[in-house]
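The UniProt record's numbering applies: residue 1 is where the sequence shown begins, and numbers increase by one.
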Amino acid sequence: MAKVSTVKLGAYPASLTLEFFEEQGYVKYKDLDKYFGECFNELETYLDKESFIKNSKRNLLNSVKYKQFLNDEVKMCSKCFKVKPLNSYYNQKEGLFGKRSLCTSCDSAIAKDYRSTEVGKKTLRKASSKYYLKNKEFHRKINREWRKKNKELAKSIQNRSRMKKKLKLSGYIVEDASKLDFLVSFKQENNIMYYDDLFKRLEGILNDYRV
């Protein structure tokens, strides 16, 4: 059997049956050739294969997902080759249907892998720094307004952040917000001024988080 084209213009499911199509969506063309090789032995005639293919394609063309595909209600991801609703793609003005060619899952996976590289980390730091400098005053204004509306919560977060920083400088790590709130309140309620005194009072507790 001749090799089936792998052009990314459309695709059929591996089994070419409506049930599989509904469950799994589309796969690459090259999987068809492999599937036929597994399903048919040498004793079966070409006519039997041709009938099977015609019947299967008829089911495919009548399926709900394929009709959605033709009506531009769904789009095939150029990486995973799965057909998904248009809301499963990020917007891109120049893209087909105004969407990117990769679905959000594949897009996110690629971005995550890139951010884990040294080049990606450097690029991200540079972009973040540039964005911060450009929007510094805007975010300061937003933060000031939020702190005015949420005074108690803002104060709690600030105290928690200070406590966390002091603990880290002294060789302790506490990430849990409730534990940090406990340490802040304990320090205030017992009128403890210095962190060294706090550490002595709470040595038994802090040892659980010593690096």
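A virtual CB, placed ideally from N, CA and C, is assigned to each residue, including glycine.
Exposure of R144 is indicated by the presence of fewer than 16 other C-beta atoms within 10 angstroms of its C-beta.
With respect to R201, A177 sits apart: the two C-beta atoms are not nearer than 8 Å.
Collapsing the DSSP output to three states places Y131 in a helix. Nearest to S78 by C-alpha distance, out of S156, C103, P85, is C103. For C103, the uninterrupted beta strand (DSSP E) segment begins and ends at 99 to 103.
The beta carbons of Y89 and K75 sit about 6 Å from each other, so the pair counts as a contact at 8 Å. The C-alpha of R125 lies about 13 Å from the C-alpha of Y114. Note on L169: under 16 other CB atoms within 10 angstroms of its CB, so exposed under the neighbour-count rule. In the displayed model, Y195 falls within a helix according to three-state DSSP.
In summary, R100 is buried, with 16 or more beta-carbon neighbours lying within 10 Å of its beta-carbon over all protein chains present.
Contact between E94 and L86 does not hold, since the beta-carbon distance rounds to 15 Å and is not under 8 Å. If you ignore the 5 residues before and after W146, its C-beta comes within less than 6 Å of no other C-beta in its own chain.
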